[in-house]
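Written below as structure tokens is the structure these notes are about.
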Amino acid sequence: MPPKTMFQKIWDAHIVHQEDGKPTLLYVDLHLVHEVTSPQAFEGMREAGRSVRRPDLTVAVADHNVPTTGDRSAKVPIEDPTSAAQLDAMGRNAGEFGIEYYDMYSEDQGIVHIIGPEQGRTQPGMIIVCGDSHTSTHGAFGAIAMPVGTSQVEHVLATQCLVQAPLKTMEIRVNGTLPPRLTAKDVILGIIGEIGVDGAQGYAVEFTGSAIRALSMEGRLTVCNMSIEAGARVGMVAPDQTTFDYLRGRPHAPQGAAFDEAVARWRELPTDPGATYDAVVEIDASSLAPAVTWGTNPGMVVPVTGRVPDPATMASPAATAAAERALVYMGLEPNTPIQEITIDRVFIGSCTNSRIEDLRAAAAVVEGRHVASTVSAMVVPGSWRVKRQAEAEGLHEIFKAAGFDWREAGCSMCLAMNPDKLAPGERSASTSNRNFEGRQGPGGRTHLVSPPMAAAAAIAGHFVDIRDW
Amino acid sequence: MEPFKKITGVVAALNRVNVDTDQIIPAKHLKRIEKTGFGPFLFESWGKNADGTPNPDFELNAPSFAGASVLATGRNFGSGSSREHAVWALRDGGFSAVIAPSFADIFHKNCFENALVPVILPEPVVDGIMARANELTGYELTVDLETCEVSDSEGFRASFVVHQDPATHEFRRYCMLNGLDEIGLTMEHANAITAYEKARS
Ligand code: SF4
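Residue numbers (the working numbering), protein chains in the order written: chain X, 1 to 469; chain E, 470 to 670.
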């Protein structure tokens with residue numbers, strides 16, 4: 001047999017139907033659903049009189065709309081009537097169609113891309129879909145995890161299949177060793193800075209190389225999470241001992257002997273020696289620095305030791321125009337040193353960086369220090385499980401003592417869809433994944449950074465180089 | 470889905486690259502549980518001032534673009550979130566086709582589900598269209614999906630694809646021309662799905 005990439009192996013194992021000149025029909029192992037992109041899909045199912053083909057492979061959760069203030073276990077009803085209506089619709093649809101649903105009061109609730117992995121639902125070799133662009137996150141286990149729109153959500157609910165034309169494959173090989181204090185976030189922001197926000201458009205990306213292998217499972221999740229910010233719909237990392245150790249014992253992972261059998265199968269997944277990719281990009285991890293975005297897309301990024309660029313120096317007229325608009329929106333002058341930019345808010349959270357290791361890394365920075373008087377800062381664990389774990393380790397006390405708000409799980413200020421928002425003109429250091437105009441609130445200005453960089457900025461009131469901290 | 474064959478309409482030019490779906494439809498409007506009613510919020514953050522009045526500096530608010538049904542724009546249009554609401558908002562806002570050098574993957578896929586034709590043309594051609602749309606009041610283009618050509622009344626003519634991959638282009642074009650519903654197509658393979666499930670269990 002000719003050597004195959006991991007992507008090809010998983011793809012081939014899921015072909016239900018294939019015809020020349022038509023997209024392939026692929027079987028879906030896990031369909032994750034959330035309240036924002038599903039109501040119209042369920043409505044379509046209802047209108048057509050269809051039922052969900054595999055409710056047992058479908059899981060729904062409330063995450064985007066949920067408020068993060070107050071004590072969730074007190075079950076205080078949600079205030080915003082339109083958010084409440086959307087969450088009600090999710091509950092009704094889950095009930096009517098027989099789907100397991102974690103509502104906001106459920107003790108296993110959390111951001112959809114946090115709970116899949118932590119419950120052991122996300123497994124190597126799977127095809128996973130969700131009506132959410134950051135579905136690429138789950139590829140960290142060596143799965144094809146693909147974001148879809150609402151029409152495809154309906155399609156998967158009805159048929160358990162995905163209609164997909166083949167994707168080209170790209171290897172992004174991160175060689176060398178990541179310098180101390182740098183994180184997976186700096187790796188992926190460095191990659192996006194290098195290849196651009198459409199650099200991987202049309203590709204399924206496999207991240208390889210010594211620096212990726214050295215990452216923990218949670219770090220790999222961060223990298224795959226932001227594949228979409230490089231234009232790729234799929235990001236993946238080959239499963240290895242790190243993957244298996246992470247999965248062992250998780251509630252929805254295979255148990256006992258079945259787990260060992262699964263591991264034997266999973267060991268067959270990595271790309272064969274000699275298999276080729278359609279494109280290869282190499283990055284030297286040792287050349288990376290803590291990354292800070294300055295503009296209005298994640299490709300507008302520089303090292304913390306750098307300056308806000310001068311639009312006049314950009315490579316093309318379109319890039320110059322985009323940079324000029326970005327600087328007006330961000331309220332920044334060209335050539336300003338990044339470390340002189342002062343901030344108003346700090347957000348540690350989102351499906352990119354709200355896992356326990358992220359919170360540990362941030363807590364290690366703030367321990368014994370205090371948030372600057374000019375800054376308001378919050379930590380939003382990605383799930384109830386993360387929150388419980390953090391509280392068991394006393395991290396919440398460290399954050400609270402340092403002046404951080406300690407919140408309940410949800411998407412929170414990653415997107416301005418729930419009460420957590422930036423006010424117009426407010427500037428934030430955020431561990432989330434998108435710095436688009438208005439993403440964190442109309443007029444809000446977002447700088448994307450790693451959790452330790454966000455924590456240090458909260459203390460200092462401006463960006464600082466975590467390597468000197 | 471309604472079939473799409475051909476339209477002739479006013480072209481609006483949005484000469485920006487990497488336009489993201491948060492701009493096409495801001496998150497705060499994603500709480501509707503219907504597919505309709507998103508049109509008024511299309512490009513809201515750029516198009517409206519904080520007090521809700523129209524922002525005269527926003528390109529698409531130019532009077533000469535009134536009633537436009539074709540949008541011409543820069544590369545990587547529709548980047549960011551998977552929200553199909555972005556496509557619904559464009560359709561609801563009167564657009565039937567978007568012309569760009571490239572589209573972000575998920576947005577691109579969502580177009581086909583909603584009869585919004587993604588017209589892919591080389592960057593210089595799109596730049597030329599945007600320049601004419603900006604110069605000539607009420608500049609119109611015909612987008613013909615049967616011949617895969619865009620043309621104007623002055624003799625401009627260019628062949629386009631709706632997908633870079635030739636087979637996918639042909640398939641998607643066929644589905645759009647005939648208004649085919651993807652779920653219906655897949656249901657024809659119900660036996661294959663059942664067989665796959667049996668073989669795996
Ligand atoms: S945390 Fe942000 S990026 Fe992740 S699913 Fe929620 S809204 Fe989307």
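Ideal placement from N, C-alpha and C gives every residue a C-beta, glycine not left out. Small disclaimer: the values here were computed from a predicted structure and weren't measured.
Proximity test, Cβ basis, 9 Å: residue i and chain X
i         : result
PHE640(E) : yes
ASN603(E) : no
ASP574(E) : yes
VAL567(E) : no
ASN530(E) : no
SER670(E) : no
ASP520(E) : no
TYR665(E) : yes
ALA661(E) : yes
Residue j beta carbon less than 9 Å from that of residue i
i         : j         : result
PHE7(X)   : THR169(X) : yes
ILE348(X) : LEU359(X) : yes
LEU167(X) : GLY219(X) : no
ALA238(X) : LEU247(X) : no
VAL302(X) : GLY193(X) : yes
PHE510(E) : PRO495(E) : yes
ALA372(X) : ALA458(X) : yes
THR68(X)  : GLY394(X) : no
ALA361(X) : PRO290(X) : no
VAL112(X) : HIS34(X)  : yes
THR671(E) : THR522(E) : What the structure shows of chain E is the stretch from 470 to 670, and residue 671(E) is not part of that stretch, so it cannot be assessed.
ASN484(E) : GLY299(X) : no
GLN152(X) : GLY131(X) : yes
GLY110(X) : VAL386(X) : yes
MET645(E) : ALA584(E) : yes
SER54(X)  : ILE652(E) : For the record, residue 54(X) in the displayed sequence is Arg; it is not Ser. Not a contact, by the Cβ cut-off of 9 Å.
LEU25(X)  : VAL163(X) : yes
LYS475(E) : LEU614(E) : yes
Min CB distance residue i to chain E below 9 Å
i         : result
SER373(X) : no
SER83(X)  : yes
ALA94(X)  : no
PRO166(X) : yes
ASN175(X) : no
TYR277(X) : no
SER151(X) : yes
SER51(X)  : no
ALA318(X) : yes
VAL16(X)  : yes
ASN297(X) : yes
Collapsed DSSP secondary structure at residue i in the structure displayed
i         : result
THR655(E) : helix
ASP198(X) : coil
CYS414(X) : helix
LYS75(X)  : coil
TYR105(X) : coil
HIS17(X)  : strand
ASP12(X)  : helix
ALA392(X) : helix
PHE546(E) : strand
ASN482(X) : Absent from the model: residue 482(X). The displayed extent of chain X is 1 to 469, so no value can be given.
THR490(E) : helix
SER430(X) : strand
PRO147(X) : strand
TYR277(X) : coil
PRO254(X) : coil
ASP561(E) : helix
ASP468(X) : helix
ALA94(X)  : helix
ARG626(E) : strand
Checklist entry - Taking a cut of 8 Å between CB atoms, which residues from the region 417–435 of chain X lie near chain E? => result MET417, PRO424 and ARG434
Item to check | Segments of 4+ residues assigned as alpha helix (DSSP H) that fall wholly inside the region 281–366 of chain X | outcome: Listed in chain order, they are 317–330 and 356–366.
Checklist entry - Between the region 487–501 of chain E and chain X, which residues of the former have CB atoms less than 7 Å from a CB of the latter, in chain order? => result ASN487, ASP489, ASP491, GLN492, PRO495, ALA496, LYS497, LEU499 and LYS500
Next on the checklist: Quick check on the DSSP output: what are the complete beta strand (DSSP E) runs of length 3 or more inside the region 40–67 of chain X, in order along the chain?
Outcome noted: 58–61
Checklist entry - Which of the residues in the region 29–42 of chain X, read from start to end, lie with their CB under 8 Å from any CB of chain E? => result Those residues of the region 29–42 of chain X that come within reach of chain E (Cβ to Cβ, closer than 8 Å) are VAL36, THR37, PRO39 and GLN40.
Checklist entry - At a Cβ cut of 7 Å, what residues of the region 221–235 of chain X count as close to chain E, listed as they run along the chain? => result GLY231 and ARG233
Item to check | Residues in the region 436–465 of chain X having any Cβ partner in chain E nearer than 7 Å | outcome: Per Cβ criterion, the list reads PHE436, GLU437, GLY438, ARG439 and PRO442.
Next on the checklist: Please identify, using Cβ separations under 7 Å, the residues of the region 547–567 of chain E that lie next to chain X, in order along the chain.
Outcome noted: SER548, GLY549, SER550, SER551, ARG552 and GLU553
Checklist entry - Fully enclosed by the region 184–244 of chain X, which alpha helix (DSSP H) runs are 4 residues long or longer? => result Considered as a whole, the region 184–244 of chain X harbours 184–195, 210–213 and 217–225 as its complete alpha helix (DSSP H) runs of no fewer than 4 residues, in chain order.
Item to check | Short-range partners of chain X found in the region 621–649 of chain E, where Cβ spacing is below 8 Å | outcome: HIS632, GLN633, ASP634, ALA636, THR637, GLU639 and PHE640
Checklist entry - In the region 191–202 of chain X, which residues sit with their C-beta less than 8 Å from some C-beta in chain E, listed in chain order? => result Cβ contacts with chain E: VAL197, ASP198, GLN201 and GLY202.
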